[in-house]
Each structure stands twice: as C-alpha cells, then as structure tokens.
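The sequence shown lines up with residues 16 to 98 when you count with the numbering used here.
Don't be surprised by glycine CBs; every beta carbon is placed ideally from N, CA and C.
Bear in mind the structure is a predicted one, so any value in this text is a computation, not a measurement.
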Amino acid sequence: MNLQIQRQADATSVLREKLQKQQMRFKHRSIRIDEEWLKTSFQDVLLSNPDLTSWYDTRRRIRQQTLNRSHEQRWTRSRGLAA
C-alpha cells in the first residue's frame, strides 16, 4: 500500500514539474507578444500624431547627445590617464 502511494506521489510530482515548465513557456511567449503589440501600438500613435513624433525625436536626440558627451568624457579621461 505504501509503495503504491509513493508511486502516485512521484508521478504527481513529475506531472507538476512538467506543468510548471509549460506554464513558464507560455508566460514567456505572452510577454513577447505583449511587448511586440505595445511597440507596434506606440509606433502607430507616434505616426498618427506629428506633435508626439517631433517630441519623441527631440527626446531621442537629447538622449543621444548626452550619451555621446558621456562617452567622449570617458575617452578623454582614459587618454589623460594613459598619457
């Protein structure tokens, strides 16, 4: 009797593990789909509203300039240390 109960418990735990793995796969897929949908929706909104597009482009340009300045400062400092 105990052996039969143990076998059922083992089979249940194996099935539980398989179910958990399957749930994780579906969760990752749904996250990817939602991100793609969100990205597409965001692009649609930007394209349909020129004011938002110009604001977004300005923000992106400012962010890129900031990154370039930061990179240039690090490069200058590293050259100063190497000289």
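Can you tell me which of the three DSSP states MET16 falls into?
Here residue 16 corresponds to residue number 1 of the sequence shown, with the count starting at 1. Three-state result, MET16: coil.
By Cβ distance below 7 Å, which residues in the same chain neighbour ARG44 in space, the five residues on each side in sequence not counted?
The sequence position of residue 44 within the sequence shown is 29, counting from 1. Non-local C-beta neighbours of ARG44 in its own chain, meaning closer than 7 Å and more than five positions away in sequence, are absent.
I need the straight-line Cα distance from ARG84 to THR91, nearest angstrom please.
Numbered from its first residue, the sequence shown carries residue 84 at position 69. Numbered from its first residue, the sequence shown carries residue 91 at position 76. One C-alpha to the other measures close to 10 Å.
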